[in-house]
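K.L.:
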Amino acid sequence: MRLWRSVVGKLWITILLLVAFVLFILTILQLEFFQNYHLEQVENDLSDTAEKIASVVENHQDLSMGLQISKEIVDDPHNLIIAENRNKLYYAEDISAGHQLLIQEILDEKEVTAVFRQEKPFVKELHLNGEHVSDLYQNIVVVGAPVQIGETSGAVVIFQSLEEIKETTRQTTKLILLAAGIAIILTTIFAFFLSTRITAPLRKMREAAFEVARGRFDTKVPILTHDEIGELATAFNQMGKQLNFNLHALSQEKEQLSSILSSMADGVITFNRDGTILITNPPAERFLQQWYYEQEGNDQEAIPTTLRELLEQVILLENEQTGEVSLQGRSYVVIVSPLYNEEYVRGAVAVVRDMTEERRLDKLRKDFIANVSHELRTPIAMLQGYSEAIVDDIAGSEEEKKEIARIIYDESLRMGRLVNDLLDLARMEAGHITLNKEKTDLPGFLERVTNKFHGLAKEKNIRLSFNGRGSDERIPAIDIDPDRLEQVLTNLIDNALRHTPATGSVTVDYKPSKTGVLVEVSDSGSGISEEDLPFVFERFYKADKARTRGKSGTGLGLAIARNIIEAHNGQIGVHSKVDQGTTFSFFLPQ
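Numbering (full-length UniProt numbering), first residue to last: 1 to 590.
1. Alpha carbons only, please: which of Leu16, Gly240 and Pro146 is nearest the one belonging to isoleucine 184?
2. Could you tell me if tyrosine 293 is buried or exposed, where buried requires 16 or more neighbouring beta carbons within 10 angstroms of its beta carbon?
3. Assign histidine 568 to buried or exposed, taking buried as 16 or more other Cβ atoms, counted over all protein chains shown, within 10 Å of its Cβ.
4. Express the C-alpha separation of aspartate 393 and glutamate 400 in angstroms, rounding to a whole number.
5. Could you name the residues of the same chain whose beta carbon sits closer than 6 Å to that of glutamate 447, not counting the 5 residues immediately before and after it, in chain order?
6. How would you label leucine 317, buried or exposed, when you count the other beta carbons within 10 angstroms and need 16 or more for buried?
7. Using a Cβ-Cβ cut-off of 7 Å (strictly less than) and excluding sequence neighbours within five positions of isoleucine 223, which residues of its own chain qualify?
8. Return helix, strand or coil for tyrosine 344, following the three-state DSSP convention.
9. Indicate whether the contact test is met: 3 or more Cβ pairs, each with one atom in the stretch 377–384 and one in the stretch 302–315, closer than 8 Å.
10. Roughly how many angstroms lie between the CA atoms of leucine 162 and leucine 18, to the nearest whole one?
11. Going along the chain, which unbroken runs of the beta strand (DSSP E) with 3 or more residues stay wholly within the stretch 474–537?
12. Considering only residues of the same chain and omitting the five flanking positions on each side of aspartate 266, which have a CB-CB separation below 7 Å?
13. Return the CA-CA distance between residue 593 and glutamine 68, expressed in angstroms with no decimal places.
14. Determine the extent of the alpha helix (DSSP H) in which alanine 559 is found, giving its start and end residues.
15. Can you list the alpha helix (DSSP H) stretches of 4 or more residues lying completely in the UniProt domain "HAMP" (196–248), in chain order?
16. Within this structure, are the beta carbons of valine 141 and phenylalanine 159 separated by less than 8 Å?
17. Considering isoleucine 82, what are the terminal residues of the beta strand (DSSP E) in which it resides?
18. Give the secondary structure of arginine 448 by DSSP, where H, G and I count as helix, E and B as strand, and everything else as coil.
19. Between glutamate 43 and valine 156, which are expected to be in contact by the criterion C-beta below 8 Å, what is the C-beta distance as a whole number of angstroms?
20. Grab me the residues of asparagine 436's own chain with a C-beta within less than 6 Å of its C-beta, minus the 5 sequence neighbours each way, in chain order.
21. Who pairs with residue 672 in a beta bridge, going by DSSP?
22. Report yes if the C-beta distance between tyrosine 219 and glutamate 211 is below 8 Å; otherwise report no.
23. Report the three-state DSSP secondary structure of glycine 181 (helix, strand or coil).
24. Which two residues bound the contiguous beta strand (DSSP E) that contains arginine 463?
25. Can you look up residue 597 in the DSSP assignment and give me helix, strand or coil?
26. Beta-carbon within less than 6 Å of lysine 577's beta-carbon, same chain only, minus the 5 sequence neighbours each way: which residues are those?
27. Let me make sure I understand the geometry here. Which of His575, Val574, Glu343 and Val536 has the alpha-carbon closest to that of glycine 557?
28. Report the start-end ranges of each alpha helix (DSSP H) in the stretch 1–54 that is 4 residues or longer and not cut off at the edges.
29. Could you give the DSSP three-state label for glycine 154: helix, strand or coil?
30. Let me know if alanine 48 comes out buried or exposed under the rule of 16 or more other beta-carbons within 10 Å of its beta-carbon.
31. Quick one, which of Leu11, Asn139, Ala180 and Phe33 has its alpha-carbon nearest valine 22's?
32. Mind checking lysine 551: buried by the 16 CB within 10 Å criterion, or exposed?
33. I need the DSSP call for glutamate 324, collapsed to helix, strand or coil.
34. Determine whether the beta carbon atoms of glycine 347 and asparagine 272 lie at a separation below 8 Å.
35. Need the endpoints of the alpha helix (DSSP H) that isoleucine 277 sits in, please.
36. Per DSSP, what are the beta-bridge partners of valine 336 in this structure?
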């Protein structure tokens, strides 16, 4: 059973079944061809012979001489009938009574009667079942041709048994089946040899894979060929080498990380009474390096001014002091505590804590509350107003009630979209965006996304097109997150369609270069004013009335798009002129 589950068995059986199927089809076709060919050949030969005999009889005034020559022409004179009419027949003298009855039955056929009337020649297969008909002549081919004997319209009739043709077909069938059987045997041997040869290196690679799974990363597969299997063996060896390297690198990184985690996260600086630095840890070193970098070119001080003032206060007042220091755009909280000697303060220890992230998160929280309050004020007011209308039974008809309910439903959906977009944007700006990159054929991807909007563009009577310019310079597939990039394109195309009037156009352009790909989404809409362009990627920013968002927008799409493109190490931009259209573009590096 293991043979049938192995690659050798599967490949062997596949080749065998494929060849057997092809041979079966060819055998059937050949048998059908030979059977029809033999029958057609016999019919043609009999027709030619009948016409020759008719010509001989008509061209000899001596009928007996013509009959004698005619009997010499045919292979079997017993199957030749020359008749002046249905009652006056000429045929071989030594035929049996049963054969005469057979001839009479043949002459009873309508086609033969037509020949006597000199209507037309005929070729026909007959199936005879009379008592006088032997097994040999139950199935026959009959050929007839009209002949003029003196003043009488006669006929030349030749028939032949189909059993002879069937015997020829049976012999042909035996030869074909014998050849097919030999081909199957040879195919079996060849398939087994081929599958074994192909899978031999695969078995070695399987054994090597088990060795690698046991942790023996220096295992190598012998490279026996230079085809795809040889390339696979080369790739396997390189993979093992790379795994071994990565394993050692990970081990070193683990040790380094363990060392870092065992130390304090906050910077610690120990000072002498005169301000001399005694001890620092890595976070404190980084803090001081930032200070030195900021003071480069000036009269450098050993520590920031704020920290020096805190140190002087601690020594003077002999109690803990707290302050804040800003360096290189980062915010630090410094807590300085005195170090006592037996009689006086001998120095101080400063704990430097990086509060940049906390400050940023606090600002994000405040901005979030302000933005949400601003954006939710209108839909909440509408929900409240229309809800009061329902409670107070102001709506006078069912249609008005349904309209109010629809407005409440639309506003609730808008609020839901706003909340979801805010959460996505907050995660992105906090650096928590995760990209699932994969190799993607960008032109095909852009065309597929563009095609999704053809229905909407058709409803608005807007011409939407994808322009794959520069296809001669097409770069290979690049690493992107298709879902995130589709989110960007969807937002840009949807904005373009919403701000383009009927009979306008929206175009998606693909422009490859040596360093990456530039994608542009252009529309012939109302455009954006020059003073609004620098702020279009800000959250909740309201441009002029020509580009005011509809009910379906949340005002966060472009901010989300900017974060996604920047996460791909790309850039996004916009240029526009009022009443001349807008073009959003983003660049993705190769």
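Idealized CB from N, CA, C, for every residue including glycine.
P.N.:
Taking the coordinates as given:
1. Start at 1 with the first residue of the sequence shown, and residue 184 comes out as number 184. Residue Leu16 is the option with its Cα nearest to isoleucine 184.
2. In the sequence shown, the residue the question calls residue 293 occupies position 293. Burial call: exposed.
3. As a position in the sequence shown, residue 568 is number 568, starting the count at 1. That one is buried.
4. Sequence index remark: in the sequence shown, residue 400 carries index 400 (1-based). Sequence index remark: in the sequence shown, residue 393 carries index 393 (1-based). Roughly 11 Å separates the two Cα atoms.
5. In the sequence shown, residue 447 corresponds to position 447, counting from 1. Excluding positions up to five away in sequence, the list reads Phe466.
6. Within the sequence shown, the letter at position 317 stands for residue 317. Flag for leucine 317 reads exposed.
7. On the sequence shown, position 223 is the one that residue 223 refers to. Only Gly230, Ala233 and Thr234 meet the Cβ criterion.
8. Counting from one through the sequence shown, the residue named residue 344 turns up at place 344. Tyrosine 344: coil per DSSP, three-state reduction.
9. no
10. For the purposes of this step, residue 162 is taken as the residue at position 162 of the sequence shown. For the purposes of this step, residue 18 is taken as the residue at position 18 of the sequence shown. Roughly 36 Å between the two C-alpha positions.
11. 478–480, 505–512 and 516–523
12. Counting from one through the sequence shown, the residue named residue 266 turns up at place 266. Excluding positions up to five away in sequence, the list reads Pro283, Val351, Val352 and Arg353.
13. The structure shown does not extend to residue 593, since the chain is modelled only from 1 to 590, so the question has no answer here.
14. Counting from one through the sequence shown, the residue named residue 559 turns up at place 559. Where alanine 559 is concerned, the enclosing alpha helix (DSSP H) stretches over 557–567.
15. none
16. By one-based count along the sequence shown, residue 141 stands at place 141. By one-based count along the sequence shown, residue 159 stands at place 159. Closer than 8 Å, so yes.
17. Your numbering for residue 82 matches position 82 in the sequence shown. Element bounds for isoleucine 82: 80–83.
18. Counting from 1 along the sequence shown, the entry for residue 448 is found at position 448. Three-state DSSP puts arginine 448 in a helix.
19. Within the sequence shown, residue 43 is the residue found at index 43, counting from 1. Within the sequence shown, residue 156 is the residue found at index 156, counting from 1. Between valine 156 and glutamate 43 the Cβ distance is about 15 Å, and since that is not below 8 Å, they are no contact.
20. To locate residue 436, count along the sequence shown from 1; it is residue 436. Closer than 6 Å at the Cβ level, and outside the excluded window around asparagine 436, lie Asp481.
21. Outside the displayed span of the chain (1 to 590) sits residue 672, for which this structure offers no information.
22. Looking up residue 219 in the sequence shown gives position 219. Looking up residue 211 in the sequence shown gives position 211. The residue you asked about is not tyrosine; residue 219 is threonine in the sequence shown. Yes, the Cβ-Cβ distance between threonine 219 and glutamate 211 is below 8 Å.
23. Taking the sequence shown and counting its residues from 1, the one referred to as residue 181 is at position 181. DSSP places glycine 181 in helix when its eight states are reduced to three.
24. Within the sequence shown, numbered from 1, the residue matching residue 463 stands at position 463. Here the beta strand (DSSP E) through arginine 463 covers 463–467.
25. Past the edges of the chain, shown from 1 to 590, lies residue 597, and the structure says nothing about it.
26. Reading the sequence shown from its first residue, position 577 is the one you call residue 577. Cβ neighbours of lysine 577 beyond the five flanking positions: Gly527.
27. Translated into positions along the sequence shown, residue 557 becomes position 557. Comparing Cα-Cα distances from glycine 557 to each of His575, Val574, Glu343 and Val536, the minimum goes to Val536.
28. 2–5
29. As a first step, residue 154 is located in the sequence shown; it is residue number 154 there, counting from the start. Three-state result, glycine 154: strand.
30. Here the question's residue 48 lines up with position 48 in the sequence shown. The sequence given here has aspartate at residue 48, not alanine. Counting Cβ neighbours within 10 Å, aspartate 48 comes out exposed, since fewer than 16 surround it.
31. Looking up residue 22 in the sequence shown gives position 22. Checked all of Leu11, Asn139, Ala180 and Phe33; the closest Cα to valine 22 is Ala180.
32. Along the sequence shown, one-based indexing puts residue 551 at 551. The predicted position of lysine 551 is uncertain, since its pLDDT is 42 and thus under 50; a value taken from the coordinates is nonetheless stated next. So lysine 551 ends up on the exposed side.
33. As a first step, residue 324 must be located in the sequence shown, where it is residue number 324. It is a strand residue.
34. One-based indexing of the sequence shown puts residue 347 at position 347. One-based indexing of the sequence shown puts residue 272 at position 272. Yes.
35. Translated into positions along the sequence shown, residue 277 becomes position 277. That residue, isoleucine 277, is in no alpha helix (DSSP H); its beta strand (DSSP E) goes 277–280.
36. Stepping through the sequence shown from its first residue, residue 336 is reached at position 336. Note: valine 336 sits in a beta bridge opposite Gln321 and Ala350.
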